[in-house]
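Protein chains in written order, with our numbering: chain H, 59 to 453; chain L, 59 to 453. For every residue, glycine included, the Cβ atom is placed at its ideal position computed from N, Cα and C.
Pasting the structure below:
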């Protein structure tokens with residue numbers, strides 16, 4: 059079964075759920091099966107919507123009644139198989155709960171979670187599809203903007219701040235570190251959520267960079283926080299001109315530098331641009347996204363319940379990987395943060411060990427097709443196939 | 059003579075100015091010649107620096123004495139030829155002044171300006187090298203982020219704001235309009251510097267988009283201003299030319315929407331990322347950058363003073379262009395804004411005429427070479443050739 063491309067967008071479908079021809083999966087045509095072919099980059103609004111409603115019915119507080127309600131909807135046949143294709147930490151938790159329905163209510167169901175989150179914070183997998191491409195985007199953008207700043211630093215902008223995603227884990231910020239290899243090459247400072255922000259230490263480092271290299275490029279995680287766990291961006295501060303700070307740790311940090319040192323600065327906030335940037339996707343990432351999706355379907359068809367396919371690293375240089383799987387219980391609601399050995403002693407950079415881990419994940423280019431200068435992204439046609447369920451099925 | 063690649067970075071050189079072997083240009087070896095090989099994407103810090111100092115000496119208030127000082131530095135031979143390779147409106151004005159030195163002080167000099175500005179606001183040329191690539195970046199990014207928002211709008215983010223460059227002219231913002239063709243396709247609203255911002259009208263349009271399409275993607279120019287000419291976001295600082303430094307209109311507009319309608323929003327500020335994004339350069343743009351640079355050298359060698367090579371459009375579909383040139387006096391300090399016929403009647407979109415103009419400029423991909431997942435950008439070695447001037451030359 060070919061999975062949808064990364065960079066897919068699905069228009070809302072009617073009916074809300076398309077049930078595929080089961081022969082494609084090697085199953086008898088009367089086998090009840092619910093497929094949720096959401097894609098690694100989240101471009102599947104109809105399924106997001108459907109699963110949001112299912113997840114709602116599965117909240118712990120809704121108790122057994124909620125679960126029974128969901129299971130009741132699926133009592134269309136003798137058994138059910140479900141591939142659950144959306145997966146950060148929260149989704150894995152939902153997947154785990156769905157997988158337990160069969161056990162607790164006597165309704166046979168197979169639920170497989172698939173790793174997919176730009177945050178790269180799921181444990182037991184070398185990485186999460188989506189992350190490699192965001193990492194590539196951030197590394198490339200940091201290198202490019204760094205060259206721009208270097209060209210002007212003597213007479214103009216001396217400090218550039220790039221705000222990246224990562225509320226609790228600094229994987230994306232760390233990827234910015236791939237842009238340069240030598241101390242004078244940008245980025246000069248990375249602010250990780252894992253390292254408590256110390257204003258004076260940070261400002262001193264900025265000054266040192268400007269003195270030593272003529273300029274300073276900073277990559278800052280949206281989740282940067284002080285030692286008391288308070289996000290910098292939630293500081294509720296006002297800027298130098300008394301305007302309410304409109305959110306964004308990037309401008310906040312840039313302003314902090316200007317107030318202390320008076321350097322001319324610029325800042326960028328990549329926001330959705332970074333996670334939607336299919337045009338600069340990592341080939342390794344795209345390959346892995348297909349591989350875990352395919353593995354999930356295989357596992358579901360084999361009836362392996364409550365698992366998540368994983369990417370298993372065999373070697374770093376050259377990068378070799380294979381597919382494994384772990385019980386959902388071992389990944390649900392668990393966050394994998396940057397380990398201390400990936401962060402330099404001063405807290406502002408990545409170590410060689412981190413570089414060895416990250417570099418393979420941004421390897422290779424996987425350009426989309428273009429038409430009239432713009433990438434053409436797949437839009438799933440959403441053709442509903444003949445209904446297989448014997449009873450009414452509504453979400 | 060091969061011009062440096064787009065996406066070039068030059069380390070500071072010693073000596074500050076390299077004088078090439080004149081035989082390359084078909085000139086006698088004792089011909090004094092000063093080449094400023096700055097590149098279309100500004101990655102030439104040493105020359106920026108040198109020219110900033112020359113320009114400083116040429117400010118009107120420094121009068122004839124300042125000019126004499128500059129000319130004095132060049133009295134190294136019987137004649138001088140100068141190719142001036144950096145060119146927004148301000149730089150063209152400087153180029154014009156430099157070109158007049160010979161006339162006013164009896165010192166023979168040839169000065170050629172080269173169009174190069176992402177702002178695309180120089181008159182008498184179909185476009186300015188640099189713009190096509192930024193336009194492509196913004197169109198691609200708007201399409202990608204638009205797909206992301208579309209996938210979540212039902213249950214999450216409903217409004218996305220992308221802030222783009224463009225202080226007085228809305229060319230870059232207009233390029234965002236290429237991302238979609240139909241009314242429901244993002245972007246749904248573009249805020250141009252050319253159209254006075256009306257808060258109530260804008261907020262009503264946002265609401266209409268969310269009601270009709272489920273979400274609203276907005277591209278806003280940094281130079282968006284109210285009818286009295288006041289920028290929506292005025293950061294309070296000024297650049298080297300005394301212009302107000304802008305930034306933050308994206309979050310400002312997003313916040314405005316939240317306050318009025320309560321929609322969940324996200325915003326991005328591309329800042330330098332857009333103009334440094336060599337990885338998604340337009341092939342047409344790269345070709346034109348080389349062509350105008352080559353034309354400038356040809357004109358200088360022929361002794362044509364005070365001109366700027368231009369791109370002349372012959373046809374739009376398929377795009378055909380050739381190189382012409384105009385007197386510097388016709389481009390210096392003149393800004394080409396979006397003509398009214400490129401903006402839709404409601405002020406929030408681009409017309410078919412605008413699309414016909416813009417689309418060819420983002421045509422084709424010109425991917426840089428990659429190593430270890432990252433683009434490898436040229437760094438000019440800065441090898442100084444033997445000095446040809448008979449007297450000392452210092453800047």
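Checklist line | Residue from L:381, L:181, L:170 with nearest C-alpha to residue 229 (chain L) | finding: Comparing Cα-Cα distances from residue 229 (chain L) to each of L:381, L:181, L:170, the minimum goes to L:181.
Checklist line | Beta-carbon proximity of residue 236 (chain H) to residue 416 (chain H), cut-off 7 Å | finding: A contact, by the Cβ cut-off of 7 Å.
Notebook entry, point to check: Got a sec: which bits of the stretch 304 to 334 of chain L sit with their beta carbon under 9 Å from any beta carbon on chain H, in order along the chain?
Noted result: Taking 9 Å as the Cβ-Cβ cut-off against chain H, the residues of the stretch 304 to 334 of chain L that qualify are 305, 306, 308, 309, 310, 312, 313, 324, 325, 326, 327, 328, 329, 330, 331, 332, 333, 334.
Next item on the list: Tell me, please, whether the CB atom of residue 432 (chain H) is closer than 7 Å to any CB atom in chain L?
Entry: It does: the Cβ of residue 432 (chain H) has a partner Cβ on chain L nearer than 7 Å.
Checklist line | Neighbourhood of residue 361 (chain H) by C-beta, 6 Å cutoff - its chain only, sequence neighbours within 5 removed | finding: Closer than 6 Å at the Cβ level, and outside the excluded window around residue 361 (chain H), lie 168.
Notebook entry, point to check: Which chain H residues sit within Cβ distance under 7 Å of residue 340 (chain L)?
Noted result: In chain order: 431.
Check: DSSP on residue 340 (chain H), reduced to helix/strand/coil?
Finding: If DSSP states are grouped into helix, strand and coil, residue 340 (chain H) belongs with the strands.
Note to self: Helix, strand or coil, according to DSSP, for residue 398 (chain L) in the structure here?
What the structure shows: Residue 398 (chain L): helix per DSSP, three-state reduction.
Note to self: Give me the subset of the stretch 169 to 197 of chain H whose CB atoms are less than 8 Å from a CB atom of chain L, sorted by chain position.
What the structure shows: Close to chain L, meaning a Cβ-Cβ distance shorter than 8 Å, are the following residues of the stretch 169 to 197 of chain H: 194, 197.
Note to self: Please list the terminal residues of the continuous alpha helix (DSSP H) segment that includes residue 191 (chain L).
What the structure shows: Secondary structure note for residue 191 (chain L): its alpha helix (DSSP H) is the uninterrupted segment 189 to 210.
Check: In chain L, which residues lie less than 7 Å from residue 377 (chain H) when you measure between Cβ atoms?
Finding: What residue 377 (chain H) touches in chain L: nothing, since even the nearest Cβ is about 10 Å away.
Checklist line | Of the residues H:251, H:370, H:243, the one placed nearest residue 273 (chain H), counting alpha carbons only | finding: Closest by alpha carbon: H:243.
Check: Which bits of chain H does residue 207 (chain L) rub up against, with CB to CB less than 9 Å?
Finding: Using a Cβ-Cβ cut-off of 9 Å, residue 207 (chain L) is close to 330, 334 of chain H, given in chain order.
Item checked: Any alpha helix (DSSP H) of 4 or more consecutive residues that is wholly inside the stretch 223 to 290 of chain L -> Those alpha helix (DSSP H) runs which fall completely within the stretch 223 to 290 of chain L and span 4+ residues are 229 to 234, 257 to 271.
Check: Roughly how many whole angstroms lie between the Cα atoms of residue 334 (chain L) and residue 324 (chain H)?
Finding: Their Cα atoms are separated by approximately 13 Å.
Margin query: For the stretch 217 to 236 of chain L, list every residue whose C-beta sits within 8 Å of some C-beta in chain H, in sequence order.
Written below: Those residues of the stretch 217 to 236 of chain L that come within reach of chain H (Cβ to Cβ, closer than 8 Å) are 218, 220, 236.
Margin query: By the three-class DSSP mapping on this structure, what secondary structure does residue 418 (chain L) have?
Written below: Residue 418 (chain L) falls in the helix class under three-state DSSP.
Next item on the list: Could you tell me whether any Cβ in chain L is nearer than 7 Å to the Cβ of residue 436 (chain H)?
Entry: Not an interface residue.
Check: Between which two residues does the beta strand (DSSP E) carrying residue 483 (chain L) extend?
Finding: With chain L running from 59 to 453 in the structure shown, residue 483 (chain L) is simply not present.
Next item on the list: Kindly list the residues whose CB is nearer than 6 Å to the CB of residue 117 (chain L), restricted to its own chain and excluding five residues on each side of it in sequence; keep chain order.
Entry: At residue 117 (chain L), the pLDDT of 39 sits below 50, so the modelled position is not reliable; the number obtained from the coordinates is stated separately. So no residue of the chain qualifies.
Next item on the list: Check whether the Cβ of residue 374 (chain H) lies closer than 7 Å to any Cβ atom in chain L.
Entry: Residue-level contact by beta carbon fails for residue 374 (chain H) and chain L, as no gap is shorter than 7 Å.
Note to self: Quick check on residue 269 (chain H): buried or exposed, where buried means 16 or more other Cβ atoms within 10 Å of its Cβ?
What the structure shows: With fewer than 16 other Cβ atoms from the protein chains shown falling within 10 Å of its own Cβ, residue 269 (chain H) counts as exposed.
Notebook entry, point to check: Of all Cβ atoms in chain L, is any one closer than 7 Å to the Cβ of residue 280 (chain H)?
Noted result: It does not; no Cβ of chain L falls within 7 Å.
Item checked: residue 155 (chain L) versus residue 287 (chain L): straight-line alpha-carbon distance, rounded -> As the crow flies, the alpha-carbon of residue 155 (chain L) is around 30 Å from that of residue 287 (chain L).
Next item on the list: Assuming residue 276 (chain H) and residue 207 (chain H) form a contact by the criterion Cβ under 8 Å, report the distance between their Cβ atoms to the nearest whole angstrom.
Entry: About 11 Å separates the beta carbons of residue 276 (chain H) and residue 207 (chain H), which is beyond the 8 Å limit, so they are not a contact pair.
Check: For the putative contact between residue 200 (chain H) and residue 251 (chain H), defined by C-beta atoms under 8 Å, what is the C-beta separation to the nearest angstrom?
Finding: Actually they do not touch by this definition, with Cβ atoms about 18 Å apart.
Next item on the list: Tell me whether residue 310 (chain L) counts as near the ligand PLP, meaning its Cβ is closer than 6 Å to at least one heavy atom of that ligand.
Entry: The ligand PLP is not part of this structure, which contains no ligands at all.
Note to self: Please report the distance separating the alpha-carbon of residue 412 (chain L) from that of residue 233 (chain H).
What the structure shows: Take the alpha-carbon of residue 412 (chain L) and the one of residue 233 (chain H): they are about 38 Å apart.
Next item on the list: Starting from residue 307 (chain L), trace the alpha helix (DSSP H) both ways and give me its first and last residue.
Entry: That run of the alpha helix (DSSP H) goes 307 to 319.
Next item on the list: Measuring alpha carbon to alpha carbon, tell me which of L:190, L:316, L:179, L:320 ends up nearest residue 339 (chain L).
Entry: From the listed residues L:190, L:316, L:179, L:320, the smallest Cα separation to residue 339 (chain L) is found for L:190.
Item checked: For residue 425 (chain H), the three-state DSSP class (helix, strand or coil) -> Residue state, collapsed to three classes: coil.
Notebook entry, point to check: Among L:175, L:253, L:388, which one has its Cα closest to the Cα of residue 193 (chain L)?
Noted result: Restricting attention to L:175, L:253, L:388, the CA atom closest to the CA of residue 193 (chain L) is found in L:175.
Item checked: Per-residue DSSP class, three states only, for residue 435 (chain L) -> In the structure shown, residue 435 (chain L) sits in coil (DSSP, three-state: anything other than H, G, I, E or B).
Next item on the list: Mind checking the stretch 250 to 263 of chain L against chain H and listing, in chain order, the residues whose C-beta falls within less than 8 Å of any C-beta there?
Entry: Within the stretch 250 to 263 of chain L, no residue places its CB atom closer than 8 Å to a CB of chain H.
Note to self: Can you look up residue 412 (chain H) in the DSSP assignment and give me helix, strand or coil?
What the structure shows: Residue 412 (chain H) carries a helical assignment under DSSP once its states are collapsed to helix, strand and coil.
Note to self: For residue 173 (chain H) and residue 307 (chain H), what's the separation of their Cα atoms in angstroms?
What the structure shows: When rounded, the separation of the alpha-carbon atoms in residue 173 (chain H) and residue 307 (chain H) is 28 Å.
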